[in-house]
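Right, one structure below, let's go through it.
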Amino acid sequence: MSILVNRDTRVLVQGITGREGTFHTGQMVEYGTNVVAGVTPGRGGSAVHGVPVFNTVKEAVGESGANTSIIYVPARFAPDAILEAADAGIELIICITENIPVNEMIKVRDHVVNTGSRLIGPNCPGVITPGEAKVGIMPAYIHERGRVGLVSRSGTLTYEVVWALTEAGLGQTTAVGIGGDPINGTSFIDVLELFEQDDETEGIVLLGEIGGTDEEQAAAYIAEHVTKPVASFIAGQTAPPGKRMGHAGAIISGGAGTAASKIAALEAAGVRVADRPSAVAAIMKELLA
Amino acid sequence: MNLHEYQAAGLMTEQGIPTNPGIVATTPSQAADAFDELAGPGGLVAVKAQVHTGGRGKAGGIKLARSADEARDAAEAILGMDINGHIVRKVLIAPGVDIQREYYLGAILDRSARGITIMASAEGGVDIEEVAARSPEKIVRVTADRQLGLLDYQIREVAFGLGIEPQLMSGFNSVLRSLYDTYVHNGATLAEINPLVLTSDDHWLALDSKMTIDDNILPYRPDLEELRDIEAEDATELKARANGISFVKLDGDIGCVVNGAGLAMATMDAIKLFGGEPANFLDVGGGATADQVALALELVLADEAVKAILFNIFGGITRADLVAEGIVEARKRVDVRVPMVIRLVGTNQEEGRRILAEAGLNTVETMSEAAQAVVAAASGQAG
Chain A
0 MSILVNRDTR
10 VLVQGITGRE
20 GTFHTGQMVE
30 YGTNVVAGVT
40 PGRGGSAVHG
50 VPVFNTVKEA
60 VGESGANTSI
70 IYVPARFAPD
80 AILEAADAGI
90 ELIICITENI
100 PVNEMIKVRD
110 HVVNTGSRLI
120 GPNCPGVITP
130 GEAKVGIMPA
140 YIHERGRVGL
150 VSRSGTLTYE
160 VVWALTEAGL
170 GQTTAVGIGG
180 DPINGTSFID
190 VLELFEQDDE
200 TEGIVLLGEI
210 GGTDEEQAAA
220 YIAEHVTKPV
230 ASFIAGQTAP
240 PGKRMGHAGA
250 IISGGAGTAA
260 SKIAALEAAG
270 VRVADRPSAV
280 AAIMKELLA
Chain W
0 MNLHEYQAAG
10 LMTEQGIPTN
20 PGIVATTPSQ
30 AADAFDELAG
40 PGGLVAVKAQ
50 VHTGGRGKAG
60 GIKLARSADE
70 ARDAAEAILG
80 MDINGHIVRK
90 VLIAPGVDIQ
100 REYYLGAILD
110 RSARGITIMA
120 SAEGGVDIEE
130 VAARSPEKIV
140 RVTADRQLGL
150 LDYQIREVAF
160 GLGIEPQLMS
170 GFNSVLRSLY
180 DTYVHNGATL
190 AEINPLVLTS
200 DDHWLALDSK
210 MTIDDNILPY
220 RPDLEELRDI
230 EAEDATELKA
240 RANGISFVKL
250 DGDIGCVVNG
260 AGLAMATMDA
270 IKLFGGEPAN
280 FLDVGGGATA
290 DQVALALELV
300 LADEAVKAIL
310 FNIFGGITRA
320 DLVAEGIVEA
330 RKRVDVRVPM
340 VIRLVGTNQE
350 EGRRILAEAG
360 LNTVETMSEA
370 AQAVVAAASG
380 QAG
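Keeping their order, the protein sequence lines are chains A and W.
Residue 0 is where the first sequence starts when you use numbering that gives the first Met the number 0, and the numbers rise one by one after that.
Residue 0 is where the second sequence starts when you use numbering that gives the first Met the number 0, and the numbers rise one by one after that.
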């Protein structure tokens, strides 16, 4: 079944005429993703890689039936783009944009929850259901369809693990990047719930990193609600406290958010935690044998 | 971005919080002058280290002075002190205050509540994390409405929760309102008053201010960017940031150049797993041009402790052949005085590895191999 996106998903690209938007629209279309419309205010009537461009999300939805949006709009305008998509009835909003001021996201996230849409990101690589839909910036070739669901806060670290899984003959149902920001639309728990309900997903990989308590909360959820085997890797065991490691969300403050506490919580919940990214594949192979 | 106490106090004063304005001194003589200006004979001042770290009191970075000479001596002792790795370059001289009570009051970005949470405690002046661990019930917590902001009834909830007396409540409520405004107006992720004191004559006063500003707000707020203390920052980290590279200096001897923050952290972890010590965290991002790679190499090599460098690049959209060209070009511009281990995987990797081989550079296939090889190289053994 897969989760979140599939061949029937109707994708809208916000910021389609920008450099990132144009490049990735081409990549998504090449992959076979059902990209039905794009939005750049003022560029309505044009087309990018054959995809019709509209001035507003409302108009694009009306004309194309788009139900999912991917946002490549710069940080200054991205919060507004998310709100526009939510208010136009887009069900799934995937925001790739990074460096959005965090206090903006408090309001935006709350508004999206209230409209009943689902936001993934910001600052995320997107979602891919191999063989059906690539809604993001991830390299397509490393993915293969299979029975492992993957959810991650990272970008290239995700690719590292996906590649290891594919090489080990363990394809993916869906790979979900929830992003590296401290306030985001979708948590580990949100995705775990979907994977637990998905008939095609037999094993789950959770990739975390220092900062916040999302992994600890996920561990508690796994103990109560997840029956499928889970393997994990947590990046940043060697990161010093007080220093932000790249991602706005990757910081150990006041002792909270350490890799050690996440690993302990996950192991206590029955999750097998690898000591290196490549070992995740070997562990998952064992768990699914 | 962290602010010094005197800077945070300035921003809080702007929002109407009663603070204890002092004078910043960079020399003992200035401190003596500040005493005369603020206190005079028979008076009292506090001489406080201005550094981006807590624990100043415990480290001896806060001293009381009852004369200009004492202020001079205190400043002499404190300036140049190393507190938790931070060198004191400025002290704040502030008037002594008659304290009746001390509270903790803070506005923080609360990830699990997905909002701005006000934390308050009648145990001020001490480490709030200690209170949280020891007696969590002593901390009052309220998360501001995510759309409407901190509501008046929420402020009252905090005040009643702390047991503030009716006649003192309007003063307290006004401080809390202004603290929330300070947080929001300045794009903060933390705005803290510890301690918020009630003076002997029943006035509210913020005796210490602390703020952290969201880095993502800085492009829109040059006034806040100006508050950056360049001297307090590592020169390499500054240069990296100015060029869009994420860099954190660490204590080891193995330099890293990686694309992606999560992968960069995992690379540091791998080095440690094989017995090495990373010298830095470096996320070169999606930009794999010769310029970016050359800059990354320069940044890493600026640290003389570096004995070997690990390149770990997983190219997705980023093409491995372009990265390889970047590395070859960069080595022409930068004198790479130490062994380099290159792990290059991803789009066009065969072409990328061919380009490197032609330049006499070998690559390894896996992250584990790469980590092992660079650890061996750093300890002087053949890789």
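In this text, a Cβ means the ideal position worked out from N, Cα and C, and glycines have one as well.
Residue i - DSSP class collapsed to helix/strand/coil
i                      : result
residue 94 of chain W  : strand
residue 207 of chain W : coil
residue 108 of chain A : helix
residue 244 of chain A : coil
residue 184 of chain W : helix
residue 10 of chain W  : helix
residue 102 of chain W : strand
residue 194 of chain A : helix
residue 377 of chain W : helix
residue 326 of chain W : helix
residue 33 of chain A  : coil
residue 120 of chain A : coil
residue 370 of chain W : helix
residue 122 of chain W : coil
residue 109 of chain W : strand
residue 81 of chain W  : strand
residue 194 of chain W : strand
residue 362 of chain W : strand
residue 232 of chain W : coil
residue 189 of chain W : strand
residue 382 of chain W : Any answer about residue 382 of chain W is weak, because its pLDDT of 44 lies below 50 and its placement is not dependable; what the coordinates show is given next. Residue 382 of chain W falls in the coil class under three-state DSSP.
CB contact check: residue i to chain A, cutoff 8 Å
i                      : result
residue 82 of chain W  : no
residue 325 of chain W : no
residue 271 of chain W : yes
residue 241 of chain W : no
residue 123 of chain W : no
residue 60 of chain W  : no
residue 267 of chain W : yes
residue 366 of chain W : yes
residue 288 of chain W : no
residue 249 of chain W : yes
Extent of the continuous alpha helix (DSSP H) to which residue i belongs
i                      : result
residue 307 of chain W : From DSSP, residue 307 of chain W is part of no alpha helix (DSSP H) but of the beta strand (DSSP E) over 307-314.
residue 298 of chain W : 289-300
residue 76 of chain A  : It is not in any alpha helix (DSSP H) - residue 76 of chain A carries neither H nor E in the DSSP assignment.
residue 70 of chain W  : 67-77
residue 27 of chain W  : 27-37
residue 18 of chain A  : 18-30
residue 260 of chain A : 258-267
Where the beta strand (DSSP E) containing residue i begins and where it ends
i                      : result
residue 283 of chain A : Here residue 283 of chain A belongs to no beta strand (DSSP E); instead the alpha helix (DSSP H) covers 278-287.
residue 23 of chain W  : 22-24
residue 4 of chain A   : First-last for residue 4 of chain A: undefined, no H or E at that position.
Beta carbon proximity, residue i to chain W, threshold 8 Å
i                      : result
residue 86 of chain A  : no
residue 108 of chain A : yes
residue 266 of chain A : no
residue 171 of chain A : no
residue 212 of chain A : yes
residue 242 of chain A : yes
residue 271 of chain A : no
residue 217 of chain A : no
residue 142 of chain A : no
residue 153 of chain A : yes
Residue i CB to nearest heavy atom of the ligand ADP below 7 Å
i                      : result
residue 329 of chain W : Absence of the ligand ADP is noted for the structure shown, with no ligands found whatsoever.
Per DSSP, the bridge partner or partners of residue i
i                      : result
residue 143 of chain A : None, per the DSSP bridge assignment.
residue 282 of chain W : W:245, W:257
residue 202 of chain A : A:147
residue 176 of chain A : A:125, A:151
residue 277 of chain W : W:253
residue 53 of chain A  : A:38
*Would you list, in chain order, the members of the region 159-179 of chain W that have their beta-carbon closer than 8 Å to a beta-carbon of chain A?*
none
*Select from the region 89-114 of chain W all residues with a C-beta closer than 7 Å to any C-beta belonging to chain A, and list them in chain order.*
108, 110, 111, 113, 114
*Name, going along the chain, the residues of the region 313-339 of chain W whose beta-carbon falls closer than 7 Å to a beta-carbon of chain A.*
313, 315, 316
*asked:* Against chain W, which members of the region 10-28 of chain A pass a CB distance test of less than 9 Å?
replied: 22, 23, 26
_So if I threshold CB-CB distances at 8 Å, which residues from the region 274-288 of chain A count as touching chain W?_
274, 275, 276, 277
*Give, in chain order, every residue of the region 141-152 of chain W whose Cβ lies closer than 8 Å to some Cβ of chain A.*
145, 146
*asked:* Which residues of the region 158-170 of chain A have a Cβ closer than 8 Å to any Cβ of chain W? Give them in chain order.
replied: 158, 159, 162
*Could you please tell me which residues of the region 185-204 of chain A, in chain order, have their CB closer than 7 Å to any CB of chain W?*
none
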